[in-house]
Structure formats: C-alpha cells, structure tokens
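Following: one structure in structure tokens, then a few remarks.
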Amino acid sequence: MHLSKVCKNAAIAAEAKYNIPDKMLQAIALVETGHERNGVHSAWPWTVNNSGRGHYFKTQSEAVEYVKKNVFLKQSSVDIGCFQINAKWHGGAFSSAAKMLNPDDGADYAGAFLKSLFEEFGDWKIAASRYHSRNAIRAARYGHKIERAIADIGLAASREKNRSEMTEKEVSNPATLRVHKKTTASIHAAGGVQLVFFTPASRLFSDAERPADRLIELDAIHGSK
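Under the numbering used here, the first residue of the sequence shown carries the number 13, and numbering increases by one thereafter.
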C-alpha cells in the first residue's frame, strides 16, 4: 500500500467501527498531518510534532527513535502519528512509541476519542472541532479546517471516479485512440498539464475494417493530489 493512503485507510476503518460520519476522521488526519510528498498531498503516517514544530520522517523506525528520545527527555508537547495523539495526555493508552505511530492503532484510539466527544456534546461537527482543543476560539478555527478538508476529500473522490469511468469507456470503445509511446520525448509538461501523443485508430485496423478517419481531441489530463 502506498504511504499516501495509509492514514486514509486506517481512518476509514475507524469511521466504520465507531459510526463516525463519512470522511470526518479522514479529514482530521489530513488537517493534522497533511503533507506534500512526490507531488501528492496526503496525511503522512510518520509525523511527529514537537513543541509546535512538525517533523515528517521517511520511515516508521526513524519516527520511533525520535519519539523515544524526546519523550524520554520529557519534552512538554509531542504529538504523534496520523492523528497527532499527544504523548503527555494520551500516551498511557499505548504500550510503546511504535504503537502510537502505528496507523491502525492510532486510528482506533482517535476514533474512540472522537466518539467520546460526540457522546459529550451530542453533535459530530462540534465533536470534530474539539478534537484538537476545547478552547472555543481554537475549536471554531479547527472546525472550519475540518469542513474544508471534508469538501476536498469529496472532490478528490469525485474526480477519481470520473477518471475511472472515462478510462472504462475508452477501453470499451474500439475507436478509442491507443497510446503509442509514453516517454520523456512524447510527454510535454506545460503549466502542470501533460500532453500525451496517441496513435490514430486508423493505423490499428486493416483497410476492410478501418473506420472513417476522424480527428479526436482529448482534454489535457491533470494529475491529482
């Protein structure tokens, strides 16, 4: 599984387990640890925030070593993993730093915590806004971030669905143009847009079965986050 999807998939499982509204825990992970890597913006599992400074490690082992060192040194505020669980206030619920950094364990704890906030306030939006802080002003700002993240996740899912449907239609259509080459020489980047050159369908059929030649214009394909 690609690391960009680790936090998301863990959040989806916890949403189902605790009956959390769709995308809400995913949004919390994105707000807490959203990070761009290799052109993809996603929640990053090996994130540690030490006294307000975020660290995005390449591997889990690097993050574990950092947590062990700084928790041992009794740093005042260390937030850990996909859902930025605070070691000082919630670390006792985990047997080790590795457990706190484990996306599935973190998602389960974050989901249970969010559910407890819902049971306290009786409203999911209020519960989500207070995930990070109970301070009214901070909670209001955080709640707006969660709403925007939920909207962004929904938009990204819609775009992915549309791309999949377009691909299925192209594959099932015999007149669809076939990709001839996908090399550096045949792909030109222009303002983030890739133009891919195709072999015309007329070259794929014999004279007897060849459809009438026609010009097909393809929309530029944008890469998703």
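Cβ coordinates follow ideal geometry from the N, Cα and C atoms, glycine included.
#1: When DSSP builds the beta bridges, which residues end up paired with Y2?
#2: Between the Cα of N31 and those of M112, S128, R150, I162, spot the shortest distance and give me the residue it belongs to.
#3: With three or more beta-carbon pairs closer than 8 Å as the criterion, would you say the segment 92-104 touches the segment 114-122?
#4: Grab the span of the alpha helix (DSSP H) containing T45 for me, first residue to last.
#5: What residue range is occupied by the uninterrupted beta strand (DSSP E) comprising Y68?
#6: Spatial neighbours of A39 within its chain, please: C-beta separation below 7 Å, excluding the five flanking residues on both sides.
#7: S170: buried (16+ other C-beta within 10 angstroms of its C-beta) or exposed?
#8: For the beta strand (DSSP E) holding S108, just list the boundary residues, first then last.
#9: Check whether the segment 63-81 and the segment 104-117 are in contact - that is, three or more C-beta pairs closer than 8 Å.
#10: What is the DSSP secondary structure of S54, counted as helix, strand or coil?
#11: Along the alpha helix (DSSP H) that carries D116, what are the first and last residues, could you check?
#12: With DSSP as the reference, please indicate the residues paired to V90 in a beta bridge.
#13: Under a Cβ-count criterion, where at least 16 other Cβ atoms within 10 Å of its own Cβ denotes burial, should G123 be classed as buried or exposed?
#14: Does N98 come out as helix, strand or coil in the three-state DSSP assignment?
#15: My output table needs one value for R49: the three-state DSSP class, helix, strand or coil.
#16: What is the DSSP secondary structure of S141, counted as helix, strand or coil?
#17: Return helix, strand or coil for H156, following the three-state DSSP convention.
#18: Please state the DSSP three-state secondary structure of N241.
#19: Using a threshold of 8 Å, state whether the C-beta atoms of Q72 and W56 are closer than that.
#20: Is the beta carbon of A41 less than 8 Å from the beta carbon of A25?
#21: Count the other CB atoms within 10 Å of the CB of E27; is the residue buried (16 or more) or exposed (fewer)?
With the structure as the only source:
#1: Nothing in the structure corresponds to residue 2, since the chain is present only between 13 and 237.
#2: Selected option, being the one with the closest Cα: S128.
#3: Yes, they touch.
#4: T45 -> alpha helix (DSSP H) spans 36-45.
#5: Element bounds for Y68: 65-68.
#6: For A39, where only same-chain residues beyond five positions count, the Cβ hits under 7 Å are I158, A161, I162, I165.
#7: S170 should be labelled exposed.
#8: Per DSSP, S108 belongs to no beta strand (DSSP E) and is neither H nor E.
#9: Taking a cut-off of 8 Å for Cβ pairs, the segment 63-81 and the segment 104-117 touch, as three or more such pairs fall below it.
#10: Per DSSP, reduced to three states, the secondary structure at S54 is strand.
#11: Where D116 is concerned, the enclosing alpha helix (DSSP H) stretches over 115-133.
#12: Bridge partners of V90: N62.
#13: By the C-beta density criterion, G123 is buried, having at least 16 other C-beta atoms within 10 angstroms.
#14: Strand, per DSSP.
#15: DSSP places R49 in strand when its eight states are reduced to three.
#16: Here DSSP, grouped into helix, strand and coil, assigns S141 to helix.
#17: In this structure, H156 counts as helix in the three-state DSSP scheme.
#18: The shown model of the chain, from 13 to 237, leaves out residue 241, and the question about it has no answer.
#19: Their beta carbons are not under 8 Å apart, which means Q72 does not touch W56 by this criterion.
#20: No, Cβ-Cβ distance for A41 and A25 is not below 8 Å.
#21: Around the beta carbon of E27, a 10 Å sphere encloses 16 or more other beta carbons of the protein chains shown; the residue is thus reported as buried.
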